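K.L.:
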Amino acid sequence: MFPSRANHNRRRLGQKRQQTRNLELSCSLESVENWEKRIAELEIERDQLQKKLLEIPENQRGPLEVVIPPAFEKLGQANASLQIALDTAQQDLEKVYQNREQWQQSVLAASAEVIESMRTMMLKRDAENARLREQRDQHFSELVERRQRDERKWAALVEFKELTQNQTERIAVLRSELARCKARLAANERQEDLLQFFLKGKPRRSSADQ
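Just so it is clear: in the sequence shown, position 200 is 200 by the UniProt record's numbering, and no numbers are missing.
Encoded structure:
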């Protein structure tokens, strides 16, 4: 009974192997799903065969040939290829990260240099503006002071002219008053020639001239 069952199982296993050899693999999602489905079926069959094998007495068991189905071989090869591609992609990604970090560092360094240069230029410009403002304020202060001096000089000149004019007028008044006083004095002394001298500024004529 058991040998015939074992032969039957071997025939079924051979048929399954033949079916597995006829499978064509691809990298599409549908093929992967088919692989997973086929693997699940093979695992179920393997478990059933192991269970039946355990039911066979030990003295009736014959040597079983262990054969890896081509589907598993291709799946392993595909897995290895995918692992290699994944490793390559990870290496490329690491290089991209390194290049990006270097680029960021270079950009930051260039930006810092530009900022420092602009800050230095701004400091120089501020210093120059402060110097120009100080110079402008100094010139303006000197100009205001000069204008004030000129205004004081002009005011003093005007005042001097007015004072001179007043003095001239006062002198004229005093001279006129002095002349009247002299004339009055001469009239009081009844000296006609002296009166004429005071009034007209002519000298007196002596008795010899007459």
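The beta-carbon is built from N, C-alpha and C at its ideal position, and this holds for glycine as well. Quick caveat: nothing in here was measured; it's all calculated off a predicted structure.
According to DSSP, is Val144 helix, strand or coil?
P.N.:
It is helical.
K.L.:
Measure the alpha-carbon distance for Ile39 versus Asn99 and round it to whole angstroms.
P.N.:
Each residue's alpha carbon lies about 43 angstroms from the other.
K.L.:
Could you tell me the alpha carbon to alpha carbon distance between Trp156 and Val144, rounded to whole angstroms?
P.N.:
Here residue 156 turns out to be Ala, not Trp, going by the sequence shown. Going from the Cα of Ala156 to the Cα of Val144 covers about 18 angstroms.
K.L.:
Only counting the same chain, and skipping five residues up and downstream in sequence, which positions put a Cβ closer than 7 angstroms to that of Asp126?
P.N.:
Once the five neighbours on either side are set aside, Asp126 has no close Cβ partner at all.
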